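Colleague: Take this structure first; my questions come after.
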Ligand code: ADP
Ligand code: MG
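In this note's numbering, the protein residues as written are 16 to 397.
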């Protein structure tokens with residue numbers, strides 16, 4: 016039996032919440048349904064259960080569905096009994112059984128979650144899992160607590176859910192590397208996010224502190240704030256706006272573009288300071304579509320501040336007073352990508368140093384870009 020107790024922690028008395036409620040819109044961000052993570056079952060799983068779960072994970076390196084005999088061989092339980100364990104894991108929805116071609120198993124996201132959580136708990140990174148605090152496009156975010164009561168954020172990447180259809184449409188590519196599956200992609204996304212967060216923090220960008228990473232799971236500091244999309248009112252919208260646009264420009268100066276920089280991925284706290292989150296899709300300024308990504312990030316911010324906070328921009332002022340735009344702007348008040356002096360190479364160097372290579376990036380790009388005819392995402396959730 017596991018010695019660590021997993022508890023449902025909410026509401027922890029020591030948790031501080033920002034005192035902004037009157038300024039906050041009570042909207043749920045309905046990107047997709049959250050996945051239930053019932054950590055209770057973790058308490059009841061035995062060593063053998065984890066041994067077999069790990070055996071299935073290992074088998075998935077080169078099998079989409081791992082044949083039962085192979086699971087048995089990898090797990091090599093002392094007194095046999097793999098099949099009984101498999102049944103138990105199936106009952107807890109940690110595995111999915113598939114007998115369409117042969118009798119075999121694959122991990123579900125829940126199974127993968129448990130493996131990552133157990134590893135991180137064993138490492139002493141945290142001791143308990145609390146409530147879910149975010150549902151992203153391709154992730155679930157939970158609070159986790161350390162022994163001393165410190166709360167951290169745990170992001171579980173769910174890349175397969177949206178993008179696996181694109182992966183499947185690249186079947187030719189898959190033929191050569193069968194391990195190009197949701198498990199592998201989610202792990203890469205987590206590794207990339209962790210590496211970026213670390214690198215960005217080292218360069219004094221306002222990002223959560225990257226604490227640890229295992230499989231598809233990233234542990235980071237908890238941001239005490241709200242996503243900008245939920246903020247109804249700001250004391251100084253113009254200052255917040257300038258800060259955010261300043262961040263887009265400074266990122267480019269460091270050779271990077273966020274590429275999903277919008278009101279969902281910017282957190283605002285009590286003091287109206289800004290934290291940016293969500294980095295798996297970041298690209299280098301050398302990327303062939305860099306200019307487009309940069310302009311799109313900028314445009315999202317302009318649009319949002321105009322609509323939500325009624326900010327008036329230079330484009331509108333120019334129409335009134337006929338003044339000339341600055342040389343480093345696009346003539347419509349937007350920062351101009353080509354005028355920014357960029358330190359390209361930052362990305363590759365920094366990431367290679369943290370174990371995320373150019374090849375990993377290429378793998379993600381190849382899998383995520385491209386067609387999206389078939390949706391295997393929902394199948395992965397079974
Ligand atoms: P996705 O990549 O799926 O969009 P995000 O990283 O944007 O996931 O996270 C989704 C939501 O979870 C965010 O909008 C935010 O509300 C919450 N969240 C993410 N990271 C943190 C964090 N470190 N602290 C507090 N909340 C967070
Ligand atoms: Mg996001």
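Glycine residues also receive a C-beta, built at the ideal position from the N, C-alpha and C atoms. Remember, predicted model here, so these are calculated numbers, not experimental data.
1. Taking 7 Å as the cut-off, is the CB of residue 152 close to at least one heavy atom of ligand 2?
2. Starting from residue 201, trace the alpha helix (DSSP H) both ways and give me its first and last residue.
3. Do you know offhand how far residue 291's Cα is from residue 380's?
4. Classify residue 358 as buried or exposed, calling it buried when 16 or more other Cβ atoms lie within 10 Å of its own Cβ.
5. What does DSSP give as the partner residues of residue 241 in its beta bridges?
6. Got a sec, what are the start and stop residues for the beta strand (DSSP E) residue 146 sits in?
7. Under 6 Å Cβ to Cβ from residue 90, same chain only, skipping five residues before and after it: list those, please.
8. Nearest to residue 378 by CA position, among 296, 316 and 265, is which residue?
9. For residue 199, tell me which candidate among 229, 112 and 138 has the shortest Cα-Cα distance.
10. If you follow the beta strand (DSSP E) that residue 54 is part of, which residue opens it and which one closes it?
11. Express the C-alpha separation of residue 150 and residue 254 in angstroms, rounding to a whole number.
12. Using the C-alpha atoms, what's the distance from residue 146 back to residue 270?
13. Thinking C-alpha only, which one of 103, 123 and 272 is nearest residue 75?
14. Check whether the segment 275–289 and the segment 202–212 touch, using three or more Cβ-Cβ pairs below 8 Å as the test.
15. As an exercise, report each continuous alpha helix (DSSP H) stretch of at least 4 residues that is fully enclosed by the segment 284–329, in chain order.
16. For residue 293, is the beta carbon positioned less than 7 Å from some heavy atom of ligand 2?
17. Within 10 angstroms of its Cβ, does residue 312 collect 16 or more other Cβ (buried), or is it exposed?
18. Alpha helix (DSSP H) containing residue 66: first to last residue?
19. For residue 358, name the three-state secondary structure that DSSP assigns.
20. For residue 277, which three-state DSSP category applies?
21. Residues in its own chain within less than 8 Å of residue 264 by CB, not counting five upstream and five downstream?
22. Nearer than 7 Å: is that true of the beta carbon of residue 279 relative to any heavy atom of ligand 2?
23. Give the C-beta separation of residue 171 and residue 155 to the nearest angstrom, bearing in mind that I take them to be a contact with Cβ-Cβ under 8 Å.
24. Among 232, 213 and 347, which residue has its Cα nearest to the Cα of residue 134?
25. Is residue 140 near residue 226, with beta carbons less than 8 Å apart?
26. Could you tell me how far apart the beta carbons of residue 316 and residue 272 are, in whole angstroms, since I believe they sit closer than 8 Å?
27. Could you give the distance in angstroms between the alpha-carbon of residue 143 and the alpha-carbon of residue 116?
28. Per DSSP, which residues does residue 103 bridge with? Please list them.
29. What are the start and end residues of the beta strand (DSSP E) that includes residue 119?
30. Quick one: does the C-beta of residue 149 sit closer than 7 Å to a heavy atom of ligand 1?
31. Using a threshold of 7 Å, is the CB atom of residue 235 nearer than that to any non-hydrogen atom of ligand 1?
32. Could you give the DSSP three-state label for residue 79: helix, strand or coil?
33. Can you give the Cα-Cα distance for residue 365 and residue 210, rounded to whole angstroms?
Modeller: Put simply:
1. Translated into positions along the chain shown, residue 152 becomes position 137. Yes, the Cβ of residue 152 comes within 7 Å of a heavy atom of ligand 2.
2. Translated into the one-based positions of the chain shown, residue 201 becomes position 186. Here the alpha helix (DSSP H) through residue 201 covers 197–217.
3. Numbered from 1 along the chain shown, position 276 holds the residue referred to as residue 291. Numbered from 1 along the chain shown, position 365 holds the residue referred to as residue 380. One C-alpha to the other measures close to 22 Å.
4. Along the chain shown, read from residue 1 onward, the residue named residue 358 stands at position 343. So residue 358 ends up on the exposed side.
5. For this step, residue 241 is matched to residue 226 along the chain shown. Paired residue(s): 283.
6. Walking along the chain shown from the start, residue 146 turns up at place 131. Here the beta strand (DSSP E) through residue 146 covers 143–150.
7. For the purposes of this step, residue 90 is identified with residue 75 of the chain shown, where counting begins at 1. Within the same chain, residue 90 has close Cβ partners 66, 67, 70 and 97.
8. Within the chain shown, residue 378 is the residue found at index 363, counting from 1. It is 296 whose Cα lies nearest to the Cα of residue 378.
9. The sequence position of residue 199 within the chain shown is 184, counting from 1. Measuring from the Cα of residue 199, the nearest candidate turns out to be 229.
10. Reading the chain shown from its first residue, position 39 is the one you call residue 54. From DSSP, residue 54 is part of no beta strand (DSSP E); its letter is neither H nor E.
11. One-based indexing of the chain shown puts residue 254 at position 239. One-based indexing of the chain shown puts residue 150 at position 135. Using only the alpha carbons, I get a separation of about 28 Å.
12. Against the chain shown, residue 270 aligns to sequence position 255. Against the chain shown, residue 146 aligns to sequence position 131. For residue 270 and residue 146, the distance between alpha carbons rounds to 36 Å.
13. Counting from one through the chain shown, the residue named residue 75 turns up at place 60. Ranking 103, 123 and 272 by Cα distance to residue 75 puts 123 first.
14. no
15. 305–324
16. Residue mapping note: residue 293 aligns to position 278 of the chain shown, counting from 1. Yes, the beta carbon of residue 293 sits closer than 7 Å to at least one heavy atom of ligand 2.
17. Numbered from 1 along the chain shown, position 297 holds the residue referred to as residue 312. Buried: at least 16 other Cβ atoms inside 10 Å.
18. Within the chain shown, numbered from 1, the residue matching residue 66 stands at position 51. That run of the alpha helix (DSSP H) goes 62–74.
19. Working through the chain shown from its first residue, we reach residue 358 at position 343. Three-state result, residue 358: coil.
20. Counting from 1 along the chain shown, the entry for residue 277 is found at position 262. Of the three classes helix, strand and coil, the one that applies to residue 277 here is coil, per DSSP.
21. In the chain shown, residue 264 corresponds to position 249, counting from 1. Answer for residue 264: 350 and 355, listed in chain order.
22. By 1-based counting over the chain shown, the position of residue 279 is 264. Residue 279: yes, Cβ under 7 Å from ligand 2.
23. Counting from 1 along the chain shown, the entry for residue 171 is found at position 156. Counting from 1 along the chain shown, the entry for residue 155 is found at position 140. Between residue 155 and residue 171 the Cβ distance is about 5 Å, and since that is below 8 Å, they are a contact.
24. Numbered from its first residue, the chain shown carries residue 134 at position 119. With distances taken between Cα atoms, residue 134 lies closest to 232.
25. Your numbering for residue 140 matches position 125 in the chain shown. Your numbering for residue 226 matches position 211 in the chain shown. Against a cut-off of 8 Å, the Cβ pair of residue 226 and residue 140 comes out as a contact.
26. Position 301 of the chain shown, counted from the first residue, corresponds to residue 316. Position 257 of the chain shown, counted from the first residue, corresponds to residue 272. Not confirmed; about 13 Å, so no contact.
27. Here residue 143 refers to the residue found at position 128 of the chain shown. Here residue 116 refers to the residue found at position 101 of the chain shown. Their backbone Cα atoms lie some 39 Å apart in a straight line.
28. The count along the chain shown starts at 1 and reaches residue 103 at position 88. Paired residues: none, contrary to the question.
29. Counting from one through the chain shown, the residue named residue 119 turns up at place 104. Here the beta strand (DSSP E) through residue 119 covers 119–122.
30. Residue 149 sits at position 134 when you count from the first residue of the chain shown. Correct: residue 149 has its Cβ closer than 7 Å to ligand 1.
31. Residue numbering aside, residue 235 sits at position 220 when the chain shown is read from its first letter. Result yes, Cβ under 7 Å from ligand 1.
32. Taking the chain shown and counting its residues from 1, one reaches residue 79 at position 64. Of the three classes helix, strand and coil, the one that applies to residue 79 here is coil, per DSSP.
33. Residue mapping note: residue 365 aligns to position 350 of the chain shown, counting from 1. Residue mapping note: residue 210 aligns to position 195 of the chain shown, counting from 1. The alpha-carbon atoms of residue 365 and residue 210 are separated by roughly 8 Å.
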